[in-house]
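Have a look at the structure below, then the notes.
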Amino acid sequence: MKNFCLLGIETSCDETGLALLSVKSKTKNSFFCTLHGQKLASQVDLHNLYGGVVPELASREHLKSLFPLTEQLFMESGIAKEELNCIAFTAGPGLNGALLTGASFATGLAASLNLPVLPINHLEGHILSGFFSHNALCTLDLFPFLVLLVSGGHTQLISASGIGRYEVIGETIDDAVGETFDKASQLLGLGYPGGPAIEKLSKFGDDRVFSLPKPLLNDKSLNFSFSGLKTAFMLQTKRISKDVNYNQLKCDLAASLQKTVSEILVAKSRAAIRSTGFKKLIFAGGVAANKNIRRTMLNLQKELEVDIFLPPANLCTDNGLMIAWAAALRLLSGKSSPVVAEKFDVRPRWPINKLQ
């Protein structure tokens, strides 16, 4: 497929995302991409009541949101459903029920329009999102590049040599950064999700007040570890809990945690760039929306003379556009062909190095 219009659907966790995208090929490796519109229904406020994502509630909310969001998207974009050529959806990794809800809706809608569907890996969506350009000439000549993928459940360094060709060269051996922020937020009584809460509180703190450990920082591998950092943070929260300056110390502790995480991510990324020799790095995933960490990562650009790609903050968290964009790149590169099917098996566990 070289000229097409597609709908992307994301339901891997607690965000219902939709996006309408059209592509017009110019040369073998270049094309114009137009985003006609996107919709997002967040469940953050609902899950915050329970201190984290409740899978059954997530599935129910996706079911409630998908149809009305789809109708709104088509109505506001001016695109008719009959203009679609394909429907792409997240098939994994993620919450089983949430994935099934999205897959069922996508295949049902496709069947009603006599369209094929294309299952997309959620992580590949994050990885490729840094290259998205609206109403601009885009290229397929993206590779090779390095990826720092940091989200609620993943902290990985990935070598990308082509569409579907990803090698994990470093990853957390215990907790992910997102999990660390969630736990820290809970300990400070800030609620869910932890990342934005820690970032907000950090603005009022001094990141030099607390010295927190940086596990595996000097280890020769490119792996990460955050369990020790979580434990140290917990001990500090207990130590300051009855201090008369608790409110300020809480801000200082949040800022110190954010700084420590930034330094770990930058150090490991620096080591990965030097070991691979790659000149491009994508910083992707929900944690990549953190403004402080983004600024720190950009310092590598001048230091190592490499290009650092940062998706806009709204594309770092889960969204339908990244699924539509990944589908478009797969179709244009010939790595995937959409298929007609009544249903698809989803893959709650779908490692990025198991793609084709």
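According to my numbering, the sequence shown is numbered sequentially starting from 8.
Heads up, the beta-carbon is just placed ideally off N, CA and C, and yes, glycines get one too.
Annotation: the continuous alpha helix (DSSP H) that includes Ser276 extends over Tyr253 to Thr283. Per the DSSP secondary-structure output, Asn10 pairs in a beta bridge with Lys31. Counting of Cβ neighbours within 10 angstroms places Ala348 among the exposed residues, the total staying below 16. Nearest in C-alpha terms to Glu270, of all of Glu63, Asn225, Pro319 and Ser136, is Asn225.
Just measuring C-alpha positions, the residue of Glu63, Thr162, Gly99 and His43 sitting nearest Thr77 is His43.
In chain order, Ala98, Gly99, Leu106, Leu107 and Ala110 place their CB closer than 6 Å to the CB of Val353, counting only its own chain and leaving out the 5 sequence neighbours on each side. Taking C-beta atoms under 8 Å as the contact rule, Lys33 and Leu144 qualify, at a distance of about 7 Å. Sorting Lys210, Phe233, Thr244 and Gly212 by C-alpha distance to the C-alpha of Gly160 places Phe233 at the top.
Beyond the five residues adjoining it in sequence on each side, Ala274 comes within less than 7 Å, by CB distance, of Leu224 in the same chain, given in chain order. Taking all protein chains in view, the Cβ of Met82 is surrounded by fewer than 16 other Cβ atoms within 10 Å, so the residue is classified as exposed. Judged by DSSP secondary structure, Asn128 falls within the beta strand (DSSP E) whose first and last residues are Val124 to Asn128. With contacts defined by Cβ atoms closer than 8 Å, Glu17 and Ile330 form a contacting pair. With 16 or more other CB atoms across the displayed protein chains lying within 10 angstroms of its CB, Arg337 is buried. For Gln243, the enclosing alpha helix (DSSP H) covers residues Ser234 to Ile247. With a cutoff of 8 Å on beta-carbon distance, Phe240 and Leu153 are scored as not near each other.
By the neighbour-count criterion, in which 16 or more other beta carbons inside 10 Å mark a residue as buried, Lys9 falls on the exposed side. Between Leu13 and Ala95 the beta-carbon gap is near 6 Å, inside 8 Å, which marks them as a contact. Annotated as proximal: Phe139 and Leu328, with beta-carbon spacing under 8 Å. Cβ neighbours of Gln308 within its own chain (closer than 8 Å, five residues either side excluded): Asp314 and Ile315. Taking a C-beta distance under 8 Å as the contact criterion, Lys221 and Thr267 qualify as a contact pair. Residue environment for His54: buried (at least 16 other C-beta atoms within 10 angstroms of its C-beta).
In this structure Pro345 is buried. Its beta-carbon is surrounded by 16 or more other beta-carbon atoms within 10 angstroms.
With distances taken between CA atoms, Val216 lies nearest to Gln265 out of Ile289, Gln265 and Asn299.
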